[in-house]
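What follows is a short report on a single structure.
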Amino acid sequence: MHVKNSSRRRRATGAVAVTAAAALVLSACGGGDDNGGGDNGEAAQGVEGGGTVSAYNCEPQFLVPGNSTEVCGSWVLDSLFTGLVQTDLETNEPMPGVAESWDTEDNQTWTFTLGEDWTFHDGEEITAQTFVDTYNWVVDPDNAQQSANFFDNFVGYQEVVDGDAEEMEGVRAVDDYTLEIELTEPFSPLPDMLTYTAFYPMPSVAYEDIEAFEQAPVGNGRYMMDGEWEHDVQIAVERFEDWAGEDPGLPQRIEWKMYTDIETAYLDVQSGNLDILDAAPPNRRATVESDFGENYADFDTSSFTYMGLPLYQEEFQDVDVRHALSMAIDRQAIIDAIFDGAQTPAANIIPPALSDAGEGNCEFCEYDPEAAKELYEEAGGPTDLTIYFNSGAGHEEWVEAVSNQWQQNLGVENVEFESLDFAQYLALHDEKEVTGPYRLGWSLSYPSAQYAMEPIYATGASSNYAGYSNEEFDDLINEANAETDPDTAAEMYTEAEAILLEDMPVIPMWFSNYLVVHSDRVDGDSIFMDQATYTHLEDVVVTEE
Amino acid sequence: MTRYIIRRLLQFVPVILISTLIVYALVFAMPGDPIRALAGDRPMSDAVRETLREQYNLDDPFFVQYAKYLWGIISAGDFGTTFNGRPVSDLIAQRLPVTATLALVTFVIQTIMGIIAGILAALYRDRFFDRFVQVATVTMVALPTLVIAFLMQLVFGLNLGLFPIAGINDGLISYILPALAMASVSTGILARLVRSELLDSLTSDYVRTATAKGMKRTRVVTRHGLRNSLIPAVTFIGADLASMMAGSIVVEAIFNLPGLGEQVYRSIQAQEGTVVVGIVTLFVIFFVLINLIVDILYGLLDPRIRYE
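Going line by line, the protein sequences match chains A and B.
Our numbering applies: residue 475 is where the first sequence begins, and numbers increase by one.
Our numbering applies: residue 2 is where the second sequence begins, and numbers increase by one.
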């Protein structure tokens, strides 16, 4: 099995490239065919590649940036839009997007200097005001954008939500190409956060008729819509030749085909009707080599699965009980038996791709049944457990395996399962009526250690379903968010992670691996899935038409 | 006859009202907040959630919601929208042709194959063809549609490459495999039904009389034998066609056909009341319509049946 990890990358762009680099690239590449006919210097660099690549996708929920919270839609939007900041896929660090550079003294007031060549696909120029308008529109409660609360640390957010103001005070166009963002508190991961879908700019045509806009979004990204979004059938995009960024997409055309059944997509790739399936069903892992020969790859991602413990229930308040529950799980055995090895056991909270700790430093994630049993008995852990998970999402088998191990290793006598559909499941959490270990997951909307922890473990945070609260942890996160030196901040996040691994409000289970299969038409070495599970179709090399 | 049809059509109104009410009530009774589930692990802000709940009338009591839904249909032809903001009427308009085509192709395949196989088996009773039909039909009836669908995909789609595996991009030919999969059980039942009915009537007195009078064999079989044995077959075909829309859920999902069955399944999971009600109502209308047509056909096949 060949495992690729995030460090392999075609793009050699360094952390923060400056405009001068674009000129270099231009002279180095020379000529090339530029059928966009743009006279704009940066965009006119010769683009290799070409051809059409087709990929599996699920039907997006929404195609408005501020409203897209799931992978299917955000994946498409990633091609259609470019935010102020992009992620350098090699390092997972922020790199210039529409903004050429940014600056802050205190992590609280940020100044972004925008490139002057950016336009939307319809020709509208992008200025600082574009971002001011977009951000205010997304936050306006009347527009009911699901990602509105990503802006909750912007000055003036609350006033707009409460209806006391029309616009956020904290987002200002200083001049055409200077944007200022002021936050309520220092927040060092702001550039990381701005890479997220919710922060893409929208053209003025969007506000006129947002429903029409959603059917064929006009963005500023590497690709532009070709025709409308054909619901449940396909979304097709063509390369935008006037894209102002430095590394335009390679394929001339990308087609996302929507499938309801992944098995069908798998067969379609096998027969050559579809080029890329980035979420091949795990049960195919055993046969993928005979089905695809060399045409597959495995990618580690930051998609995190955990067993949470309701700390608002008395029996889980003893930290020894939590440690024992964790030590009694043989993660690797479950992964081998149920997932054909397709998960990476978690000994950490911050995903390995973003962590300085690397493989993790979780003392209590080691499988040690004897010690676990002793600890559990001493602490008087519950002999009856109810385990919660959401139904119909493939969690049945492994949750049962975990419960078997608890029964065997800890002397738990009775296990009951509560499997509910997702709406009910979340309602139960909101009401704090969960009485036992529960399954949940977390994936990173933007690549930052802060985002891997603060929303789930900070006191009162929006996804803190365990009801965890630790002042020391909260302080560390706040300090790290305020820290201006990135290395010191990283150390502080790692320290905060250590507290979580000691307190163990949730039991880390694993990070998911994704199996990507492809047809003979594309070069397998050019396929790359990032830690957030996005496959970068713009980098795919099409080898035959 | 006309009066009969009008009376039957009038009966549709309460049937449809009651069935929408029941479906709406069932979706309403599902626990949990669908808007909350829309956002996933990371909750949306309360302000957004409230706006959306208000937009979909989710905070109203049941009868108010239902009344608003009905009023929307009557006053503006508005069948509501999905949680993604798409009008349900658009959704149905886009998906109905897919399911209708699938149903039609299936219907044609199973009717032709079932009836022909049944007739031939009856005429060549106990000979090789009869035995073959018997074994084949038992197999077809016994194998679940799911298994047949995957087999078809594997053999004809992947290995032989004769038909597209999924999707509807190749036009009518895309529907052949799914239709074969969906038709298989009914074809089996229909063939056996026609065979036994035809055998019964071929041994009956009036057929023997007709034969004794020196009538041609083909005429005896088609006019006297077949016509009388078709009533049970028509009943079966009608009931089968009526339930076909609902039965398309599995096949549509496997062959990735963007039809109504697949949508209704997804909308139930997402608790999208308006979508479920819209589509199920369509199924109900279809069901009662087909039943009416079947009843009318009885009269044509058997002049003794008269409607007032």
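Ideal Cβ positions, reconstructed from N, Cα and C, are used throughout, including at glycine.
For this session: Can you say whether L261(B) is buried or exposed, counting buried as having 16 or more other CB atoms within 10 angstroms of its CB?
Result: Its Cβ being crowded by 16 or more others within 10 Å, L261(B) is buried.
Problem set entry | Under 9 Å from the C-beta of D79(B): neighbouring residues of chain A | Those within 9 Å of D79(B) in chain A number zero; the least Cβ separation is about 14 Å.
Exercise. Do A811(A) and A875(A) have their C-beta atoms closer together than 8 Å?
Worked result: Closer than 8 Å, so yes.
Problem set entry | Interface residues of chain B facing F985(A) [CB-CB closer than 9 Å] | None at all; the shortest Cβ gap to chain B is about 15 Å.
Exercise. At a cut of 8 Å, does the segment 930-947 of chain A reach the segment 835-843 of chain A through at least three beta carbon pairs?
Worked result: Output reads no: the segment 835-843 of chain A does not touch the segment 930-947 of chain A.
For this session: Report the residue ranges of all beta strand (DSSP E) runs contained in full by the segment 767-795 of chain A; include only those spanning at least 3 residues, in chain order.
Result: Taking 3 residues as the minimum length, the beta strand (DSSP E) runs contained wholly in the segment 767-795 of chain A are 770-782, in order along the chain.
For this session: Compute the Euclidean distance between the alpha carbons of A518(A) and Y25(B), then round it to the nearest angstrom.
Result: Note that A518(A) scores a pLDDT of 36, beneath 50, so its modelled location is shaky; the value from the coordinates is reported in the next line. When rounded, the distance between both Cα atoms is 57 Å.
Problem set entry | Element boundaries [alpha helix (DSSP H), containing Y740(A)] | Element bounds for Y740(A): I736 to Q744.
Problem set entry | Which listed residue (Y609(A), Y770(A) and V572(A)) has its alpha carbon closest to that of E599(A) | Nearest to E599(A) by alpha-carbon distance, out of Y609(A), Y770(A) and V572(A), is V572(A).
Exercise. Should N541(A) and Q620(A) be called a contact, given that it needs their Cβ atoms to be closer than 8 Å?
Worked result: For N541(A) and Q620(A), yes; Cβs fall inside 8 Å.
Exercise. With C-beta atoms as the reference, is R805(A) less than 8 Å away from M983(A)?
Worked result: For R805(A) and M983(A), yes; Cβs fall inside 8 Å.
Problem set entry | Cβ shell of N853(A) (< 6 Å), same chain only, five flanking positions each side left out | Reading off the sequence, residue 853(A) comes out as Ala, not Asn. Cβ neighbours of A853(A) within its own chain (closer than 6 Å, five residues either side excluded): D792, D794 and V795.
Problem set entry | CB contact check: L751(A) to chain B, cutoff 8 Å | By the rule that beta-carbons nearer than 8 Å mark a contact, L751(A) does not touch chain B.
Exercise. Which of the residues in the segment 655-685 of chain A, read from start to end, lie with their CB under 8 Å from any CB of chain B?
Worked result: Going along the segment 655-685 of chain A in chain order, one finds E685 with a Cβ nearer than 8 Å to chain B.
Exercise. G505(A): buried (16+ other C-beta within 10 angstroms of its C-beta) or exposed?
Worked result: Only weak support is given to the placement of G505(A): the predicted model assigns it a pLDDT of 34, under 50, and the value that follows is read from those uncertain coordinates. Around the beta carbon of G505(A), fewer than 16 other beta carbons lie within 10 angstroms, which makes this residue exposed.
For this session: Please report the residue range of the alpha helix (DSSP H) in which R727(A) lies.
Result: Run containing R727(A): none in the alpha helix (DSSP H); it sits in the beta strand (DSSP E), R727 to M732.
For this session: Closer than 8 Å by C-beta to T561(A): which residues in its own chain qualify, once you throw out the five before and the five after it? Chain order, please.
Result: Contacts found: E567, P568, M569, D666, T669, Y920, P921 and D1004.
Exercise. So, does the CB of G701(A) fall closer than 8 Å to a CB anywhere in chain B?
Worked result: No, G701(A) does not count as interfacial toward chain B.
Problem set entry | Distance between beta carbons of V550(A) and V606(A), contact taken as under 8 Å | Actually they do not touch by this definition, with Cβ atoms about 25 Å apart.
For this session: Could you confirm whether any beta carbon from chain A is found closer than 8 Å to the beta carbon of D60(B)?
Result: At a cut-off of 8 Å between C-beta atoms, D60(B) does not count as an interface residue with respect to chain A.
Exercise. What are the uninterrupted segments assigned as beta strand (DSSP E) that are 3 or more residues long and contained completely in the segment 551-610 of chain A, given in chain order?
Worked result: Runs of the beta strand (DSSP E) inside the segment 551-610 of chain A: 559-562, 567-570, 573-578 and 583-588.
For this session: For Y897(A), decide whether its Cβ has a neighbour in chain B, counting only Cβ atoms nearer than 8 Å.
Result: Contrary to the premise, residue 897(A) reads as Ala rather than Tyr in this sequence. So, interface residue.
Problem set entry | Spatially closest choice to V142(B) from L152(B), R126(B), I269(B) and R193(B), by CA coordinates | Nearest C-alpha to V142(B): R193(B).
Problem set entry | Per-residue DSSP class, three states only, for S919(A) | Coil, per DSSP.
For this session: Measure the CB-CB distance between A954(A) and A38(B) and report whether it falls below 8 Å.
Result: No, these two residues do not count as a Cβ contact at 8 Å.
For this session: State yes or no: is the C-beta of P756(A) within less than 8 Å of the C-beta of F687(A)?
Result: No; because the gap between Cβ atoms is not below 8 Å, this pair is not in contact.
Exercise. What does Q535(A) touch in chain B if you count any residue whose Cβ is under 9 Å from its own?
Worked result: Residues of chain B passing the Cβ test: L39, F84 and N85.
For this session: For T669(A), name the three-state secondary structure that DSSP assigns.
Result: Three-state DSSP puts T669(A) in coil, outside helix and strand.
Problem set entry | Short CB-CB distance (under 8 Å) between P755(A) and chain B | For P755(A), not one C-beta of chain B is nearer than 8 Å to its own C-beta.
Exercise. Which whole runs of the alpha helix (DSSP H) in the segment 624-655 of chain A are 4 residues long or more, in chain order?
Worked result: Complete alpha helix (DSSP H) runs here, min 4: 631-636.
For this session: Determine, using beta-carbon pairs with one atom in the segment 643-661 of chain A and one in the segment 678-693 of chain A, whether at least three such pairs fall under 8 Å.
Result: Contact between the segment 643-661 of chain A and the segment 678-693 of chain A is absent: fewer than three C-beta pairs spanning the two stretches fall below 8 Å.
Problem set entry | Secondary structure, beta strand (DSSP E): runs of 3+ residues fully inside the segment 801-876 of chain A | Correct list: 817-819 and 858-864.
Problem set entry | Close-in-space but distant-in-sequence residues of the same chain around E789(A) (CB under 6 Å, 5 per side omitted) | Correct list, in chain order: P856.
Exercise. Chain B partners of N623(A), CB-CB under 7 Å?
Worked result: Ordered by position in chain B, the residues that pass the 7 Å Cβ test against N623(A) are M45 and S46.
For this session: Take I116(B) as the anchor and find which of R96(B), L161(B), T223(B) and I169(B) has the nearest alpha-carbon.
Result: Nearest C-alpha to I116(B) among R96(B), L161(B), T223(B) and I169(B): T223(B).
Exercise. Where does Q264(B) sit, in a helix, a strand or coil, going by DSSP?
Worked result: Here DSSP, grouped into helix, strand and coil, assigns Q264(B) to helix.
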